[in-house]
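For reference, the structure discussed in these notes is given below.
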Amino acid sequence: MNNLLVANNVSKSFGSFKALNNVSLEVPKGSVFGLLGPNGAGKTTLIRIINQITMPDSGSILLDGKPLHPNDIKNIGYLPEERGLYKSMKVGEQVMYLAQLKGLSKTEAKERLNYWFDRLGIDDWWNKKIQELSKGMAQKIQFVVTVLHQPKLLIFDEPFSGFDPINANLIKDEILRLKKEGATVIFSTHRMESVEEMCDHIALIDKSNKILDGKLIDIKRAYKSNTFKVGIAPNNPDTIHAILKEKFDAVPICFKSINNEKQYKIKLPEASSTNDLVTYLTSIGQLSHFEELIPSVNDIFIETIQNNYEAS
Amino acid sequence: MNHLQLIIKREYLNKVRNKSFIIMTFLSPLIMVLIFTLVAYLSQLNNEAVTTINILDESGLFTNSFKDSESVNYTTLENISINEAKLATETSEAYGLLYIPKAPVLDNLSESITFYSEGSPSISMMRSIENKIEGRVNVLKLEESGIDAKQIEELRINIDAKIETFKGKKTSKLGAGLKLIFGGIAGYLLFMFIIIYGNMIMRSVIEEKTSRIIEIIISSVKPIKLLLGKIFGTTLAGVTQFAVWIVIIMFLSTAISSIFGIDPSAIQSQPQEILGETSNSQQIIKDVLVEINNLPISNLIIMFIFFFIGGYLLYSSLYAAIGAAVDNETDTQQFMLPILMPLILGIYVGFFTVMDNPHGIVSQVFSYIPLTSPVVMLMRIPFGVPLWQQILSLVILFATFMGTVWFASKIYRVGILMYGKKASYREIIKWLKY
Chain A
3 MNNLLVANNV SKSFGSFKAL NNVSLEVPKG SVFGLLGPNG AGKTTLIRII NQITMPDSGS
63 ILLDGKPLHP NDIKNIGYLP EERGLYKSMK VGEQVMYLAQ LKGLSKTEAK ERLNYWFDRL
123 GIDDWWNKKI QELSKGMAQK IQFVVTVLHQ PKLLIFDEPF SGFDPINANL IKDEILRLKK
183 EGATVIFSTH RMESVEEMCD HIALIDKSNK ILDGKLIDIK RAYKSNTFKV GIAPNNPDTI
243 HAILKEKFDA VPICFKSINN EKQYKIKLPE ASSTNDLVTY LTSIGQLSHF EELIPSVNDI
303 FIETIQNNYE AS
Chain B
59 MNHLQLIIKR EYLNKVRNKS FIIMTFLSPL IMVLIFTLVA YLSQLNNEAV TTINILDESG
119 LFTNSFKDSE SVNYTTLENI SINEAKLATE TSEAYGLLYI PKAPVLDNLS ESITFYSEGS
179 PSISMMRSIE NKIEGRVNVL KLEESGIDAK QIEELRINID AKIETFKGKK TSKLGAGLKL
239 IFGGIAGYLL FMFIIIYGNM IMRSVIEEKT SRIIEIIISS VKPIKLLLGK IFGTTLAGVT
299 QFAVWIVIIM FLSTAISSIF GIDPSAIQSQ PQEILGETSN SQQIIKDVLV EINNLPISNL
359 IIMFIFFFIG GYLLYSSLYA AIGAAVDNET DTQQFMLPIL MPLILGIYVG FFTVMDNPHG
419 IVSQVFSYIP LTSPVVMLMR IPFGVPLWQQ ILSLVILFAT FMGTVWFASK IYRVGILMYG
479 KKASYREIIK WLKY
């Protein structure tokens with residue numbers, strides 16, 4: 003069994019509004035799975051169904067090959083996007099309470115809490131009330147609450163909102179460390195650069211439907227268009243433009259460089275290989291920059307959503 | 059510890075440790091006792107003040123009719139004219155002047171009697187003066203017609219019918235009054251409890267919504283468990299508070315009445331005056347004790363507990379549902395009315411209809427309707443309600459409670475995760491189908 007979580011044809015409607023339409027997903031064990039989509043696409047609904055907060059109208063969710071059971075709450079750690087803590091309760095007491103709700107015994111909870119507070123350097127917060135903490139500090143507590151019971155599956159919805167860059171990095175490293183220790187992470191965010199950095203797999207949901215999923219690397223391969231960024235000091239500067247235009251689908255562009263060169267974006271026809279292009283370019287001038295343009299998650303996101311919008 | 063226990067414990071400790079809760083627990087009985095003491099003290103002051111009324115009786119017929127009482131002194135003015143008397147009264151301490159002119163015919167007399175004073179005299183004072191004059195005129199008229207007034211007085215018979223049930227249980231009007239007091243206290247207590255602690259539950263639900271912790275909690279426990287935990291936890295805190303209140307009030311009132319000699323319970327003596335026609339206070343106490351013994355005490359206590367719990371749970375689950383449906387307290391108004399209406403209706407039906415006819419059709423119907431039954435049935439029970447009726451009413455009550463908990467948890471499930479959306483009735487009906 004390679005998938006920790008499998009969703010089969012999950013549908014959910016709220017009144018006449020269809021929030022999820024036959025969505026199927028496979029989240030491989032030990033991966034960081036990016037769940038992407040524009041606002042209102044249905045991500046939160048799917049996450050709530052995984053957490054058994056709402057029930058799907060049809061379809062099923064399997065965790066470790068077995069249908070979700072109420073006892074599975076202790077296998078899942080969930081950091082919701084809309085999150086908060088009891089304002090007038092003390093930090094230690096509150097985390098103990100939430101940990102016990104997740105099924106930890108008092109001594110277990112205390113032990114792990116000490117470990118995490120030590121790790122994040124927040125020992126002296128134990129007797130503070132939440133309302134005395136800043137937003138970022140409260141977020142740290144919430145992170146601890148999410149991971150304290152050592153769940154197999156961690157679900158983070160916009161985990162970095164409210165963190166400064168240093169703390170965001172700290173949390174990112176903690177997430178990656180937990181992944182290394184065997185946890186599987188579902189990660190929902192609008193910050194594409196963190197998806198780029200952290201995710202192995204992604205799924206894209208738009209207007210209640212899953213429109214794309216798979217390994218990030220495969221998706222990127224599928225989306226690449228054989229386009230190259232080229233910098234060249236041509237032998238004959240006057241004719242280079244006409245020559246390139248004639249032979250390839252070439253567009254002059256501008257990018258930062260220390261060389262004095264002509265810069266182009268060149269799309270390679272299906273039949274020819276990269277080597278052909280390089281050989282040709284070196285024959286007409288001094289090649290100073292050659293780079294394949296790999297689509298970023300951001301590009302893929304925008305392109306797919308736009309295509310989906312035009313199709314419907 | 060299982061989830062429900064954990065939640066109850068947290069809710070309880072959270073309430074009990076809350077500063078405003080602690081302050082209210084100790085301050086409100088203090089304020090209550092102070093207010094009662096003040097009222098008692100003031101009314102004592104009021105009673106102690108003696109009013110003087112001057113009387114100018116030119117007819118000479120009322121010489122013995124006006125006798126000094128505890129609060130009114132009558133001074134008879136003689137051998138002066140009415141204008142002199144008015145002047146004398148105005149400049150003196152006296153409150154007013156009663157002027158009875160000379161009249162050859164008794165019928166004319168009543169029209170020409172006048173009371174002069176600075177402001178308007180109280181209705182009760184005027185009535186007492188009028189009664190005295192009427193009584194005397196009646197006697198005079200009887201004599202005029204040749205009838206002996208003393209004979210008539212002797213012929214008057216006072217009827218005090220005995221009340222007895224078919225099973226031979228003796229009771230009295232005093233007993234009926236006591237039953238009303240018992241029922242009234244029980245109903246009123248429930249009413250207060252629901253309003254105070256129902257609101258508290260509602261606020262704690264709203265607090266979880268506004269602090270956004272709800273989604274974290276709800277991914278660990280089922281909404282219905284959270285709902286029940288909240289209700290029970292808050293109820294326990296409420297019972298604690300009530301118990302502290304009772305102890306403090308009892309302690310303070312004994313302390314105050316022994317130190318200052320003011321009896322806060324004196325204010326409540328009015329209904330007793332209406333009920334008990336005997337003036338002997340020891341006799342009254344004896345009668346009251348006998349009547350209390352006659353009440354179905356064990357039935358009353360057991361049913362009080364059941365109806366109290368049932369009624370309170372029913373209403374508090376509705377309060378929790380309201381809390382889940384709204385975003386902040388100001389939005390609760392539109393939903394509060396339909397909850398408060400039956401509650402207030404229950405109190406009104408209890409105090410007016412049950413008082414009038416405890417086993418009439420209206421009282422019976424309202425003692426089965428679950429939203430009013432706790433109050434109305436509690437008021438009826440002292441008058442003797444067949445056990446099967448009590449049990450039927452309880453069954454309906456608890457069945458409805460199950461229904462409302464289901465209904466409330468449905469709204470709760472959906473409502474707690476709805477932020478920023480203003481709930482309307484139509485919206486809520488839609489939620490039930492989710």
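So the sequences go chain by chain: A and B.
Just so we're aligned, residue 3 is where the first sequence starts under the numbering used here, counting upward by one.
Just so we're aligned, residue 59 is where the second sequence starts under the numbering used here, counting upward by one.
We put the CB at the ideal spot given by N, CA and C, even for glycine.
(request) Indicate the three-state DSSP secondary structure (helix, strand or coil) for GLU195 (chain A) in the structure shown. (result) Against the first sequence, residue 195 (chain A) aligns to sequence position 193. Helix at GLU195 (chain A).
(message) Just verifying my parser: in three-state terms, what is the DSSP assignment at HIS151 (chain A)?
(response) Taking the first residue of the first sequence as 1, we reach residue 151 (chain A) at position 149. It is coil, neither helix nor strand.
(request) Assign VAL305 (chain B) to buried or exposed, taking buried as 16 or more other Cβ atoms, counted over all protein chains shown, within 10 Å of its Cβ. (result) Position 247 of the second sequence holds residue 305 (chain B). Result: exposed.
(message) Between the alpha carbons of PHE410 (chain B) and SER168 (chain B), how many angstroms are there, rounded?
(response) On the second sequence, residue 410 (chain B) is found 352 positions in, with the first residue counted as 1. On the second sequence, residue 168 (chain B) is found 110 positions in, with the first residue counted as 1. Their Cα atoms are separated by approximately 39 Å.
(message) Applying the 10 Å Cβ sphere with the 16-neighbour rule, what's the burial state of ASN309 (chain A)?
(response) The residue labelled residue 309 (chain A) in the question sits at position 307 within the first sequence. ASN309 (chain A) comes out exposed.
(message) For VAL384 (chain B) and THR109 (chain B), what's the separation of their Cα atoms in angstroms?
(response) The residue labelled residue 384 (chain B) in the question sits at position 326 within the second sequence. The residue labelled residue 109 (chain B) in the question sits at position 51 within the second sequence. So the two alpha carbons sit approximately 59 Å from each other.
(request) May I have the straight-line CA-CA distance separating TRP303 (chain B) from PHE165 (chain A), to the nearest angstrom? (result) Stepping through the second sequence from its first residue, residue 303 (chain B) is reached at position 245. Stepping through the first sequence from its first residue, residue 165 (chain A) is reached at position 163. Taking the straight line from one Cα to the other gives about 47 Å.
(message) For VAL8 (chain A), which residues in the same chain have their Cβ closer than 6 Å to its Cβ, ignoring the five residues on either side in sequence?
(response) Start at 1 with the first residue of the first sequence, and residue 8 (chain A) comes out as number 6. Only GLU28, LEU64 meet the Cβ criterion.
(message) Using a Cβ-Cβ cutoff of less than 8 Å, which residues in the same chain neighbour ILE66 (chain B) once the five nearest sequence positions on both sides are dropped?
(response) Within the second sequence, the letter at position 8 stands for residue 66 (chain B). Same-chain partners within the cutoff: GLY287, PHE290, GLY291, LEU294.
(request) Can you pull the chain A residues whose beta carbon is under 8 Å from the beta carbon of HIS61 (chain B), in chain order? (result) Here the question's residue 61 (chain B) lines up with position 3 in the second sequence. Neighbours of HIS61 (chain B) on chain A, chain order: LEU103.
(message) Counting only Cβ pairs nearer than 9 Å, list the residues of chain B close to GLU84 (chain A).
(response) Start at 1 with the first residue of the first sequence, and residue 84 (chain A) comes out as number 82. Those are ARG270, ILE272, GLU273, LEU475, TYR477, listed as they occur along chain B.
(message) Within a Cβ cutoff of 7 Å, which residues of the same chain sit near ASN316 (chain A), ignoring the five residues on either side of it in sequence?
(response) Missing from the structure shown is residue 316 (chain A); chain A here goes from 3 to 314 and no further.
(message) Please give the ranges of any alpha helix (DSSP H) in the stretch 377-411 of chain B, keeping only runs that are unbroken, at least 4 residues long and fully inside the region.
(response) 391-406
(message) Would PRO444 (chain B) and GLY241 (chain B) be called neighbours here (beta carbons separated by less than 7 Å)?
(response) Here residue 444 (chain B) is taken as the residue at index 386 of the second sequence, counted from 1. Here residue 241 (chain B) is taken as the residue at index 183 of the second sequence, counted from 1. No, the Cβ-Cβ distance between PRO444 (chain B) and GLY241 (chain B) is not below 7 Å.
(message) I'd like to know whether the C-beta atoms of PRO432 (chain B) and GLY369 (chain B) end up nearer to each other than 7 Å.
(response) For this step, residue 432 (chain B) is matched to residue 374 along the second sequence. For this step, residue 369 (chain B) is matched to residue 311 along the second sequence. Their beta carbons are under 7 Å apart, which means PRO432 (chain B) touches GLY369 (chain B) by this criterion.
(message) Let me confirm a value: ALA219 (chain B) is counted as buried when at least 16 other C-beta atoms fall within 10 Å, else exposed. Which label applies?
(response) To locate residue 219 (chain B), count along the second sequence from 1; it is residue 161. When all chains shown are included, ALA219 (chain B) counts as exposed.
(message) Going by the DSSP bridge assignment, what does PHE189 (chain A) pair with across the sheet?
(response) Within the first sequence, residue 189 (chain A) is the residue found at index 187, counting from 1. Paired residues: A:GLY36, A:PHE158.
(request) Look up LYS231 (chain A) in the DSSP assignment and give the residues it is bridged to. (result) Here residue 231 (chain A) corresponds to residue number 229 of the first sequence, with the count starting at 1. The partner list for LYS231 (chain A) (beta bridge, DSSP) reads A:LYS267, A:GLU293.
(message) By the 7 Å beta-carbon criterion, what residues does the stretch 216-247 of chain A contribute toward chain B?
(response) none
(request) Could you list which residues in chain B have their beta carbon closer than 9 Å to that of ILE75 (chain A), in chain order? (result) Here residue 75 (chain A) refers to the residue found at position 73 when the first sequence is read from its first residue. Within 9 Å Cβ-Cβ: SER277, SER278, VAL279.
(request) Classify LYS226 (chain A) as buried or exposed, calling it buried when 16 or more other Cβ atoms lie within 10 Å of its own Cβ. (result) Residue numbering aside, residue 226 (chain A) sits at position 224 when the first sequence is read from its first letter. Its Cβ having fewer than 16 others within 10 Å, LYS226 (chain A) is exposed.
(message) Please tell me whether GLY408 (chain B) and GLY245 (chain B) are closer than 7 Å, where the distance is taken between their beta carbons.
(response) Counting from 1 along the second sequence, the entry for residue 408 (chain B) is found at position 350. Counting from 1 along the second sequence, the entry for residue 245 (chain B) is found at position 187. Yes, Cβ-Cβ distance for GLY408 (chain B) and GLY245 (chain B) is below 7 Å.
(request) For ARG68 (chain B), go through chain A and note every residue whose CB falls closer than 7 Å to its CB, in chain order. (result) The residue labelled residue 68 (chain B) in the question sits at position 10 within the second sequence. Here the neighbours are TYR99.
(message) Taking CB distances under 7 Å as the criterion, tell me whether LEU285 (chain B) reaches chain A.
(response) Within the second sequence, residue 285 (chain B) is the residue found at index 227, counting from 1. LEU285 (chain B) does not count as touching chain A.
(message) Using only the alpha-carbon positions, how far apart do LEU70 (chain A) and VAL93 (chain A) sit?
(response) Counted from its first residue, the first sequence places residue 70 (chain A) at position 68. Counted from its first residue, the first sequence places residue 93 (chain A) at position 91. Rounded to the nearest angstrom, the two C-alpha atoms are 31 Å apart.
(message) Taking the beta strand (DSSP E) that GLU28 (chain A) belongs to, which residues open and close that run?
(response) In the first sequence, counting from the first residue as 1, residue 28 (chain A) sits at position 26. Unbroken beta strand (DSSP E) run through GLU28 (chain A): 19-30.
(message) So, with DSSP's three-state summary, where would you put ASP115 (chain B)?
(response) The sequence position of residue 115 (chain B) within the second sequence is 57, counting from 1. Here ASP115 (chain B) sits in strand by DSSP.
(message) Among A:LYS269, A:THR241, A:GLY216, whose alpha-carbon lies nearest the alpha-carbon of LYS231 (chain A)?
(response) Stepping through the first sequence from its first residue, residue 231 (chain A) is reached at position 229. Closest option to LYS231 (chain A), Cα to Cα, is A:LYS269.
(request) Using a Cβ-Cβ cut-off of 7 Å, state whether ASN53 (chain A) counts as contacting chain B. (result) Along the first sequence, one-based indexing puts residue 53 (chain A) at 51. ASN53 (chain A) counts as touching chain B.
(message) Less than 7 Å between CB atoms is the rule here; does LEU398 (chain B) satisfy it with respect to chain A?
(response) Numbered from its first residue, the second sequence carries residue 398 (chain B) at position 340. By this cut-off, LEU398 (chain B) is not an interface position.
(request) Determine the direct distance from the alpha carbon of LYS160 (chain B) to that of GLY118 (chain B), and round the result to whole angstroms. (result) On the second sequence, position 60 is the one that residue 118 (chain B) refers to. On the second sequence, position 102 is the one that residue 160 (chain B) refers to. So the alpha carbons of these two residues sit roughly 8 Å apart.
(message) At the level of alpha carbons, what is the spacing between ILE487 (chain B) and GLY461 (chain B)?
(response) Counting from 1 along the second sequence, the entry for residue 487 (chain B) is found at position 429. Counting from 1 along the second sequence, the entry for residue 461 (chain B) is found at position 403. Spanning the two alpha carbons is a distance of roughly 15 Å.
(request) Determine the DSSP secondary structure at PRO167 (chain A), reduced to helix, strand or coil. (result) Residue numbering aside, residue 167 (chain A) sits at position 165 when the first sequence is read from its first letter. Looking at PRO167 (chain A) - three-state DSSP - the assignment turns out to be helix.
(message) Let me see if you follow: with CB-CB separation under 7 Å, is TYR88 (chain A) close to chain B or not?
(response) Residue mapping note: residue 88 (chain A) aligns to position 86 of the first sequence, counting from 1. For TYR88 (chain A), the answer is yes, since a Cβ of chain B falls inside 7 Å of its Cβ.
(message) Just list the residues that DSSP pairs GLY216 (chain A) with in beta bridges.
(response) Taking the first residue of the first sequence as position 1, residue 216 (chain A) is located at position 214. According to DSSP, which records beta bridges pairwise, GLY216 (chain A) is partnered with A:ILE204.
(message) Strictly by DSSP, which residues pair up with THR134 (chain B)?
(response) Residue numbering aside, residue 134 (chain B) sits at position 76 when the second sequence is read from its first letter. DSSP, once it has assigned bridges, lists B:ILE113 as partnering THR134 (chain B).
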